[in-house]
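*Asks:*
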Amino acid sequence: MNIKTKNQREEEILRELYRAGGSCRVSFLAKELGVTLETIRRNLKTLEDRQIVRKVHGGVHLVEDILEPTFESRLDKKVHAKEVLAKAVAETISDGDSVFLDIGSTTAYVAMALQNHSNLFVVTNSVFVASTLSTRNNNRVFMAGGELRPHDGGAFGVEAQDLIRRLNVRFAIFSVGAINADTGFMLHDLQEANLANIAMENAQVRVIVADGEKLGKRAPVALQNTSRIDLLITDRDPPKGIRTMLEENEIDLIVADGG
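Per the working numbering, the very first residue in the sequence shown carries number 6; after that it's consecutive.
1) Report buried or exposed for histidine 62, applying the criterion of at least 16 other Cβ atoms within 10 angstroms of its Cβ.
2) Using the Cα positions of asparagine 173 and valine 104, report the straight-line distance between them to the nearest angstrom.
3) Could you check how far apart the C-beta atoms of histidine 193 and valine 146 are, in whole angstroms? I think they sit under 8 Å.
4) For leucine 237 and alanine 91, what's the separation of their Cα atoms in angstroms?
5) Do arginine 223 and asparagine 199 have their CB atoms nearer than 8 Å?
6) Helix, strand or coil, according to DSSP, for lysine 245 in the structure here?
7) Check the DSSP bridge columns for histidine 66 and list the partner residues they point to.
8) Look at the alpha carbon of leucine 220 and the alpha carbon of alanine 261, and state the distance between them as a whole number of angstroms.
9) Enumerate in chain order the residues of its own chain whose CB-to-CB distance from glycine 217 is below 7 Å, with the five nearest sequence positions on each side excluded.
10) Which residues share a DSSP beta bridge with valine 260?
11) Please name the residue, chosen from Ile45, Lys245 and Ile213, that lies closest to serine 232 on a Cα-to-Cα basis.
12) Using a threshold of 8 Å, state whether the C-beta atoms of isoleucine 45 and leucine 34 are closer than that.
13) In the DSSP assignment, what residue or residues form a beta bridge with valine 289?
14) Among Ser99, Ser110 and Val68, which residue has its Cα nearest to the Cα of alanine 86?
15) Which of the three DSSP states, helix, strand or coil, is assigned to leucine 220?
16) Alpha carbon to alpha carbon, what distance is there between asparagine 144 and alanine 95?
17) Under a Cβ-count criterion, where at least 16 other Cβ atoms within 10 Å of its own Cβ denotes burial, should serine 131 be classed as buried or exposed?
18) Let me make sure I understand the geometry here. Which of Ser28, Glu43 and Leu67 has the alpha-carbon closest to that of aspartate 54?
19) Smallest Cα separation from arginine 59: which of Thr97, Ile18 and Glu88?
20) Which residue or residues does DSSP assign as beta-bridge partners of methionine 191?
21) The alpha helix (DSSP H) with arginine 145 in it runs from where to where?
22) Just to confirm my understanding: we take glutamine 196, look at its own chain, exclude 5 residues before and 5 after, and list those with CB closer than 6 Å. What are they?
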């Protein structure tokens, strides 16, 4: 999976930073990755130049605006915008369709907007999505296996990847952390990006749903092969640079206004 870095070492640094809660000492990174302080400092310089991390007093932390809040806090924010977006997504899905839904908070609203649909074939790694759409209207819901993460109820790892790789769906719905004209679609989490890449391979129509605040922002992990996305649904007209990116990758755009 492509990450907004130039090499594997920088990806490993970001992974360790996330595990440490967003900040740690440079010496800790060197010890965990088994490399010299100079190697860590050299890679941190590149990440700092890209405004992904910031070095302070022998330590380093992720830049605040690329950190992602908890699932619960995200679920309670921008409720109206997410409901508008979810309605637009639900209108593209018919009874009997097959769909993959990820663990994003916007995708959670999509699941709620699909509660009146029937005979859906749902694949998800989100316990929220699974509980929302199972035992309803003759739906069939396949929940990816593996340990559930405590902060968002998402399943990842080999078991989850195996299920998603085996099941083909018509629609794959993804929420993202940021959309940038230069990088494309970005997430905050490597595991989410890896699973999204697999889900994309097994879907006919790939849809990104994101509120307007994500436009022009950045996050650490870039989704691979932007051109594989078929549709972006957002609630705000994207700036020129992002529109150009969409056109160059032949990605359709729906701007949902709630009307």
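Beta carbons: idealized from backbone N, C-alpha and C, even for Gly.
Quick caveat, the model's predicted, so the values are computed rather than measured.
*Replies:* Based on what the coordinates show:
1) To locate residue 62, count along the sequence shown from 1; it is residue 57. Burial call: exposed.
2) Against the sequence shown, residue 173 aligns to sequence position 168. Against the sequence shown, residue 104 aligns to sequence position 99. Cα-Cα distance, rounded: 9 Å.
3) Taking the sequence shown and counting its residues from 1, the one referred to as residue 193 is at position 188. Taking the sequence shown and counting its residues from 1, the one referred to as residue 146 is at position 141. Contact check for histidine 193 and valine 146: beta-carbon distance about 26 Å, past the 8 Å limit, so the pair fails to qualify.
4) Reading the sequence shown from its first residue, position 232 is the one you call residue 237. Reading the sequence shown from its first residue, position 86 is the one you call residue 91. In a straight line, the C-alpha of leucine 237 is about 12 Å away from that of alanine 91.
5) For the purposes of this step, residue 223 is identified with residue 218 of the sequence shown, where counting begins at 1. For the purposes of this step, residue 199 is identified with residue 194 of the sequence shown, where counting begins at 1. Result no, Cβ atoms of arginine 223 and asparagine 199 do not sit closer than 8 Å.
6) Looking up residue 245 in the sequence shown gives position 240. Here lysine 245 sits in helix by DSSP.
7) If you number the sequence shown from 1, residue 66 lands on position 61. Note: histidine 66 sits in a beta bridge opposite Ser28 and Arg59.
8) As a first step, residue 220 must be located in the sequence shown, where it is residue number 215. As a first step, residue 261 must be located in the sequence shown, where it is residue number 256. Straight-line Cα distance between these residues: approximately 14 Å.
9) In the sequence shown, residue 217 corresponds to position 212, counting from 1. If we look at glycine 217 and ignore the five residues flanking it on each side, its Cβ neighbours are Thr239, Asp240 and Arg241.
10) Locating residue 260 in the sequence shown gives position 255, where the first residue counts as 1. Bridge partners of valine 260: Thr239.
11) The residue you call residue 232 lines up with position 227 of the sequence shown. The residue from Ile45, Lys245 and Ile213 with its alpha-carbon nearest to that of serine 232 is Ile213.
12) Your numbering for residue 45 matches position 40 in the sequence shown. Your numbering for residue 34 matches position 29 in the sequence shown. Contact flag set, yes.
13) No answer is possible for residue 289: it lies beyond the span of the chain, which begins at 6 and ends at 264.
14) Residue numbering aside, residue 86 sits at position 81 when the sequence shown is read from its first letter. The residue with the shortest Cα to Cα distance from alanine 86 is Ser110.
15) Walking along the sequence shown from the start, residue 220 turns up at place 215. If DSSP states are grouped into helix, strand and coil, leucine 220 belongs with the strands.
16) The residue given as residue 95 occupies position 90 in the sequence shown. The residue given as residue 144 occupies position 139 in the sequence shown. Between the alpha carbons of alanine 95 and asparagine 144 lies a gap of roughly 15 Å.
17) Your numbering for residue 131 matches position 126 in the sequence shown. Looking at its Cβ environment, which holds 16 or more other Cβ atoms inside 10 Å, serine 131 is buried.
18) Residue numbering aside, residue 54 sits at position 49 when the sequence shown is read from its first letter. Closest by alpha carbon: Leu67.
19) For the purposes of this step, residue 59 is taken as residue 54 along the sequence shown, with counting starting at 1. Answer by Cα proximity: Ile18.
20) Your numbering for residue 191 matches position 186 in the sequence shown. For methionine 191, which the question treats as bridged, DSSP gives the partners Ala183 and Ala227.
21) Residue mapping note: residue 145 aligns to position 140 of the sequence shown, counting from 1. Taken as a continuous stretch (DSSP letters only), arginine 145 belongs to no alpha helix (DSSP H), being part of the beta strand (DSSP E) at 145-148.
22) For the purposes of this step, residue 196 is identified with residue 191 of the sequence shown, where counting begins at 1. Phe161, listed in sequence order.
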